[in-house]
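First comes the structure, then the notes that go with it.
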Amino acid sequence: MIKAVLVINTQGKPRLTKFYGFLTVEKQQELIRSVFGVLCSRAEKVSNFMEVDSIFGPDSRLVYKHYATLYFIFVFDSSENELAMLDLIQVFVETLDKCFRNVCELDIVFNYNKLHSILDEIISGGQVLETSSTEIMRAVEEISKCSLPPSPPSLPPSVMSESASNSISLVPKTVSGWRSR
Amino acid sequence: MASPSLMDSLFQRSLDDIIKGLRHQQSTESTFISKVIEEIRREIKTTDLQTKSTALQKLTYLNSIHSIDMSWASFHAIECISSPAFAHKKIGYLAISQSFNESTPVILLISNQLRKDLNSGNEFEVNLALDCLSRIGTVDLCRDLTSEVFTLMSTSKVFVRKKAVGVVFRLFEKYPDAVRVCFKRLVESLESSDSQILSAVVGVFCELASKDPRSYLPLAPEFYRILVGSRNNWVLIKVLKIFANLAPLEPRLAKRVVEPICDHLRKTGAKSMVFECIRTVATSFTEYESAVKLAAVKIREFLLEDDPNLKYLGLHGLSIMAPKHLWAVLENKDIVIQSLSDEDPNIKLESLCLLMAMVSESNVVEICRVLVNYALKSDLEFCNEILGSILSTCCQNVYEIITDFDWYVSLLGEMSRIPHCQKGEEIENQLIDIGMRVKDVRPELVRVGHHLLIDPALLGNPYLHRMLSAAAWVCGEYVEFSGNPVELLEALLQPRTSLLPSSIRTVYMQSAFKVLFFCVCTYIEQKEDMTLEVSDLTSKGECSESSDLASAKAPVECDQDEGFNPRNSSQSYEDPSVVNGGPGHVSTSAFMEEKSFTRESIVKLVNLMELSMCPLSGSYDVEIQERARNALGFIELVKQDILSRLLRKEANSESEDVCASKIVEWLHDAFYEELGPVSITAQERVLIPDELVLKQNLADLEAICGNVELTSSCSFSLRSPYYGESAGVSFSNHQVEEDSEPSTEATSLLTEHRRRHELYYLPSEKNETITTANDYAPATITIANDYPPANYLSSGINTNDDSQDLVTLTNQSLLPKRKPNYAKPRPVVVKLDEGDAAPVTAKKPEVKDDLLSGAIRDILNEAKSASSQSNPSDKSSIKKKGKEKLNVDLSDSKEDLAVREQPNPENPSSRRSKHRGHGKEKSKKSQEKKDGAGREDGGEKGKQKSRNRNGKHKTRQRADAPSNVAAQTPAIPDFLL
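Protein sequence lines correspond, in order, to chains A and Y. All residue numbers for the first sequence refer to full-length UniProt numbering, where the first residue is 1 and numbers rise by one. All residue numbers for the second sequence refer to full-length UniProt numbering, where the first residue is 1 and numbers rise by one.
As structure tokens, this is what we get:
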């Protein structure tokens with residue numbers, strides 16, 4: 001069972017947090033802070049595992065991968081395999097890469113919803129349900145199609161596809177929407 | 001639409017705007033956020049769902065990234081999911097799964113909406129609802145929605161079906177009765193050809209089996225089929241985990257499964273799979289020598305990899321193996337030892353752990369020596385890891401592996417001197433523990449303690465204060481073994497003790513008191529002997545008279561000095577040691593030569609004590625004050641006696657002599673009682689007196705006095721009720737009288753009290769007065785040059801040398817052939833009965849979800865009994881056959897032929913349709929059976945079933961032998977087929 005998925009940048013700012021058991025926001029904040037505290041003290045090119053029983057309680061393991069300015073972190077228990085989890089991070093990042101064409105931190109900052117869509121396809125309720133990034137992509141694209149606002153905006157479709165890398169739920173009535181027109 | 005809400009929706013800021021805003025206003029983030037929250041609070045109340053959902057989305061974002069509370073918006077989230085638009089639903093569901101929990105009041109309101117969405121034609125809406133349920137499902141929700149999920153489990157859309165399967169785990173967990181509905185279908189899903197479904201369902205079973213493996217034993221054939229047949233590593237890993245849980249319960253299953261696992265181990269290329277196989281073998285298949293050997297080979301491959309992840313996992317695998325197969329660790333010890341100097345902290349820790357696993361009676365000395373040297377060169381964190389693991393390894397089972405306690409005690413001393421050492425507390429516990437348990441080591445203990453106390457540098461390290469407190473206590477308690485009590489007293493009273501927190505300072509003071517008392521005691525005894533040789537005494541008395549008189553004046557001067565500036569205590573501190581510095585040495589050497597106290601030296605000691613204690617008698621800390629007054633009272637008493645003796649040296653009157661020696665004798669009684677280790681269960685073994693009513697409800701008392709227990713034994717303290725000014729004779733007499741009649745039962749209480757109150761005082765505030773470097777006079781201290789922390793690193797040595805050292809060392813010492821050479825026999829270590837070690841809390845895997853496992857057993861039993869209902873024989877046979885049936889059923893795809901040959905009364909070819917039939921009947925049946933014997937029988941079922949299957953399978957086994965490799969050994973009773 002996966003307990004949490006976190007994406008934190010190298011300054012310790014969370015970019016994506018998902019806890020599969022309910023935690024209060026204070027607790028979440030505390031966990032993120034302590035995980036980052038340990039992470040940033042680790043050298044490059046050491047193993048990707050971290051001892052986190054003290055942070056997440058007994059039977060907790062953590063793997064992380066460091067890509068550019070971001071740490072991708074999975075916390076899980078003994079029913080998952082450590083190396084498989086590393087692979088899963090890889091799958092997640094590959095999918096992001098396909099989605100955003102050379103994903104960078106900004107993509108992740110601005111595509112909060114899409115990120116959740118992707119992650120929800122991979123993991124549901126703490127269980128890994130999908131590991132193929134093409135399948136995930138397919139599902140996510142269909143979801144984005146579904147998510148188009150009910151009353152089709154005056155926005156031409158070309159604009160829509162152009163801004164696909166932006167939030168999938170671009171709300172046309174918003175100020176920025178107005179300006180862009 | 002009202003105009004304000006129109007305005008709101010027209011000019012509403014989107015999530016992107018918020019994110020941009022946050023990025024550009026770094027400095028005033030919090031004000032920006034609070035402004036946004038204000039907006040959100042307004043927007044979210046609108047009736048326009050578009051505006052509402054955008055507001056909710058922003059709030060959800062702020063909640064997850066900036067930890068803003070969003071529980072207040074839970075109702076609005078429900079409004080969003082009831083929107084017809086998918087986009088709104090999605091936002092709503094995200095918000096709900098992020099913020100709802102069992103105690104959210106409105107959670108019941110979503111039940112209907114969830115049901116609607118689960119039945120929706122849009123598969124994405126269904127998925128949203130399933131996702132949400134899997135995150136927040138409560139008992140009520142799970143109960144209400146079980147039938148919907150059940151329907152979805154057989155939908156043709158793989159996309160939905162796999163999520164439905166995933167949700168089943170949540171259903172079972174929260175609402176065990178869901179098992180009656182869904183379990184059958186879940187089991188059927190195991191046969192799914194779709195790898196996504198299979199992966200989901202195996203994942204669910206893996207979770208279930210990790211909680212209560214026994215219930216899933218009957219499904220072993222299914223898992224076996226997947227283990228042999230599947231090519232998907234995700235699935236295989238989960239199945240391996242299931243077998244790791246099942247195998248220990250059923251040896252025949254283990255026998256059957258070990259071969260396929262080894263096959264995987266040999267063939268697979270995926271490292272994750274290799275590691276999972278290794279772990280499975282190391283945890284659950286430890287009896288299968290060949291499998292373990294194979295795993296060890298694979299571990300070695302991991303260890304030789306450059307990738308730190310694999311290396312770490314390899315070491316981790318070894319440490320799983322270590323308890324039962326130490327040889328695997330020994331084989332790789334060179335790598336283990338090299339890893340100790342790896343840059344990766346995980347690898348270092350793991351190898352340390354393994355190294356400690358290799359420690360035995362014969363090599364503990366060498367390994368510890370090298371490790372301590374290694375700790376000297378390590379960084380702070382790892383250094384303490386090393387020390388910690390040495391300490392914990394050595395004290396296992398009451399110091400089982402230690403034969404040479406003298407060595408161990410000096411090792412403890414050595415550890416304390418490592419600059420990074422922060423294990424003061426652990427060392428403290430062990431020093432005292434060993435002191436109480438091992439009589440023979442006490443002289444060495446005192447020697448080590450003496451060296452630690454005498455080193456002023458250690459006083460500066462707050463981490464070591466606890467250890468010093470132990471050293472002080474040990475030296476005070478076992479002062480009779482001290483080679484040089486005078487020096488010891490000087491060490492205990494050295495000026496830098498002002499750096500200690502007051503709780504530890506009190507221990508120092510009490511120990512000093514004990515030492516002084518010991519000296520006086522010895523002196524008086526010795527003198528009593530000497531009175532027989534009068535001539536000797538007189539000559540001695542004459543020659544020492546002058547110096548005695550001289551030094552006797554010193555306290556008077558000092559007292560005056562104190563009177564002049566009573567507040568300036570630090571100054572009056574340094575005086576005694578400076579003054580006594582020179583003479584101190586003289587007296588020391590004198591003592592060493594003669595092994596006895598001269599009157600001169602005893603007076604000097606008394607004066608020194610008095611000088612140190614005087615300023616403390618005015619301390620703000622009551623404990624310190626009390627001890628100082630105790631000591632001063634004693635000094636008063638003794639000094640009078642000694643001085644008067646001095647004045648009338650030859651005509652010493654009988655009465656005074658009696659007085660002094662009586663007092664000393666009494667006090668001696670008080671101190672003489674030896675302290676021993678106390679069993680943890682000692683309290684329980686005390687018989688309850690008849691008149692004591694324990695049953696009475698005292699619940700309300702608890703609130704009033706929480707800590708009553710701590711003060712219960714205070715009646716026998718050395719504390720006098722008079723704290724005040726009278727530190728004089730009367731006070732001491734009173735105290736002495738009180739202590740002089742320790743009845744036998746009282747002594748134990750006294751013992752207990754002393755143990756508690758000397759070492760375990762509640763820590764009080766530190767009042768460290770930093771003394772300048774000149775404050776401690778080096779004159780009294782023989783190793784005064786030690787200021788640079790002891791064992792300072794010589795820079796030349798590099799760590800590789802050291803690990804090399806360790807390699808060569810372990811080469812010699814780890815080999816079993818080398819017998820430990822007992823230079824001396826192992827001393828007696830006092831052990832108490834079973835209560836000595838902390839009561840072992842048997843860590844039985846607690847069957848937490850009794851309900852769930854009960855339900856599952858019911859289902860499995862039901863399936864069996866139902867299938868053989870036609871047979872009207874007695875109950876047990878029905879059950880057996882039922883079980884048989886299910887197993888046949890599940891493994892049919894492979895074993896069709898064999899099954900047909902089996903003398904089963906039922907026709908196997910029809911089983912499939914029947915099987916399905918039961919699924920539908922089941923809900924009816926479950927009601928009939930609910931109170932039936934099924935549940936009760938559940939527990940014994942496992943054994944019973946396997947035994948009986950065992951018998952039956954003999955016949956079948958022969959039949960399928962040619963088709964199956966593992967079945968070729970005919971003697972093996974086949975569990976699976």
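Ideal Cβ placement from N, Cα and C applies to all residues, glycine included.
Considering residue i, what are the terminal residues of the alpha helix (DSSP H) in which it resides?
| i | result |
| --- | --- |
| F159 of chain Y | 158 to 174 |
| L83 of chain A | 82 to 100 |
| V479 of chain Y | Here V479 of chain Y belongs to no alpha helix (DSSP H), and DSSP marks it neither H nor E. |
| Y408 of chain Y | 405 to 416 |
| V292 of chain Y | 289 to 304 |
| V202 of chain Y | 195 to 211 |
| V364 of chain Y | 364 to 377 |
Given a cut-off of 8 Å on the beta-carbon distance, is the pair residue i and residue j in contact?
| i | j | result |
| --- | --- | --- |
| F205 of chain Y | I856 of chain Y | no |
| S511 of chain Y | L492 of chain Y | yes |
| V329 of chain Y | F285 of chain Y | no |
| C421 of chain Y | Y408 of chain Y | no |
| E250 of chain Y | L227 of chain Y | no |
| residue 1014 of chain Y | H76 of chain Y | With chain Y covering 1 to 977 only, the question about residue 1014 of chain Y has no answer from this structure. |
| I96 of chain Y | I81 of chain Y | yes |
| S199 of chain Y | V235 of chain Y | yes |
| residue 182 of chain A | F159 of chain Y | Residue numbering for chain A in the displayed model covers 1 to 181; residue 182 of chain A lies beyond these limits and cannot be assessed. |
| A472 of chain Y | V507 of chain Y | yes |
| V91 of chain A | T131 of chain A | yes |
Tell me which same chain residues have a C-beta within less than 6 Å of the C-beta of residue i, skipping the five on either side of it?
| i | result |
| --- | --- |
| residue 182 of chain A | With chain A running from 1 to 181 in the structure shown, residue 182 of chain A is simply not present. |
| V446 of chain Y | C475, Y478, F481, S482 |
| C262 of chain Y | A291, L294 |
| H325 of chain Y | V292 |
| S25 of chain Y | For the sequence presented, residue 25 of chain Y should be read as Gln rather than Ser. Closer than 6 Å at the Cβ level, and outside the excluded window around Q25 of chain Y, lie F32. |
Measuring CA to CA, which of the options is closest to residue i?
| i | options | result |
| --- | --- | --- |
| E137 of chain Y | Y:L109, Y:S156, Y:V202, Y:K267 | The residue asked about is misnamed: residue 137 of chain Y is Gly in this sequence, not Glu. If we check each option's Cα against that of G137 of chain Y, Y:L109 comes out closest. |
| S601 of chain Y | Y:L130, Y:E487, Y:I504, Y:A296 | Y:E487 |
| N127 of chain Y | Y:K255, Y:T522, Y:T104, Y:T155 | Y:T155 |
| S60 of chain A | A:H66, A:L70, A:A68, A:F49 | A:F49 |
| R826 of chain Y | Y:I402, Y:R496, Y:L458 | Y:I402 |
| L397 of chain Y | Y:I859, Y:V830, Y:L852, Y:N861 | Rather than Leu, the amino acid found at residue 397 of chain Y in this sequence is Asn. Among Y:I859, Y:V830, Y:L852, Y:N861, the Cα nearest to that of N397 of chain Y belongs to Y:V830. |
| P485 of chain Y | Y:H450, Y:F223, Y:P419, Y:N233 | Y:H450 |
| I122 of chain A | A:V103, A:S47, A:M85 | A:M85 |
| K514 of chain Y | Y:M609, Y:R442, Y:E623, Y:I680 | Y:M609 |
| E674 of chain Y | Y:M436, Y:A164, Y:I624 | Y:M436 |
| R300 of chain Y | Y:S319, Y:E343, Y:A73 | Y:S319 |
To which residues of the same chain is residue i closer than 8 Å at the C-beta, ignoring the five residues directly before and after it?
| i | result |
| --- | --- |
| A727 of chain Y | Residue confidence for A727 of chain Y is low, a pLDDT of 38 falling below 50, so the modelled location carries little weight; the figure read from the coordinates is stated next. Same-chain partners within the cutoff: S617, R629, L632, G633, E636. |
| Q196 of chain Y | V158, K162 |
Here's a check: name, in chain order, each residue in its chain whose Cβ is nearer than 7 Å to the Cβ of residue i, leaving out the five neighbours to either side.
| i | result |
| --- | --- |
| E289 of chain Y | none |
| K13 of chain A | none |
| T280 of chain Y | L240, F243, A244, I261 |
| E385 of chain Y | L349, L352 |
Kindly indicate the opening and closing residues of the beta strand (DSSP E) around residue i.
| i | result |
| --- | --- |
| V14 of chain A | Just to set this straight, residue 14 of chain A is Pro in the shown sequence, not Val. 14 to 19 is the span of the beta strand (DSSP E), which, as asked, contains P14 of chain A. |
Using Cβ-Cβ distances below 7 Å, what residues of the region 261 to 280 of chain Y are close to chain A? Listed in sequence order: K271, S272, F275, E276.
For the region 203 to 229 of chain Y, which residues have a CB atom closer than 8 Å to at least one CB atom of chain A, in sequence order? Along the region 203 to 229 of chain Y, the positions whose C-beta sits under 8 Å from a C-beta of chain A are G203, V204, C206, E207, S210, read in chain order.
Going along the chain, which residues of the region 330 to 343 of chain Y sit with their C-beta nearer than 8 Å to a C-beta in chain A? Residues passing the 8 Å Cβ filter: E343.
Between the region 101 to 120 of chain A and chain Y, which residues of the former have CB atoms less than 9 Å from a CB of the latter, in chain order? Here the close residues are V109, F110, Y112, N113, H116, S117, D120.
Can you list, in chain order, the residues of the region 146 to 175 of chain Y whose Cβ is nearer than 9 Å to any Cβ on chain A? Going along the region 146 to 175 of chain Y in chain order, one finds F159, K162, K163, V165, G166, V167, F169, R170 with a Cβ nearer than 9 Å to chain A.
In chain order, what residues of the region 176 to 204 of chain Y put their CB closer than 8 Å to some CB of chain A? Within the region 176 to 204 of chain Y, the qualifying residues are Q196, S199, A200, G203, V204.
Check distances from the C-beta atoms of the region 344 to 358 of chain Y to those of chain A and list, in chain order, the residues that come in under 8 Å. Only those residues of the region 344 to 358 of chain Y whose C-beta falls short of 8 Å from the nearest C-beta of chain A are listed: D344, P345, N346, I347, L349.
Taking a Cβ distance cut-off of 7 Å, strictly less, list which residues of the region 303 to 318 of chain Y are near chain A, in chain order. The region 303 to 318 of chain Y vs chain A, Cβ under 7 Å: P308, N309, Y312, L313.
Along the region 17 to 31 of chain A, where does the CB come closer than 8 Å to a CB of chain Y? Name the residues. Listed by position along the chain: T17, K18, Y20, F22, V25, E26, Q28, Q29.
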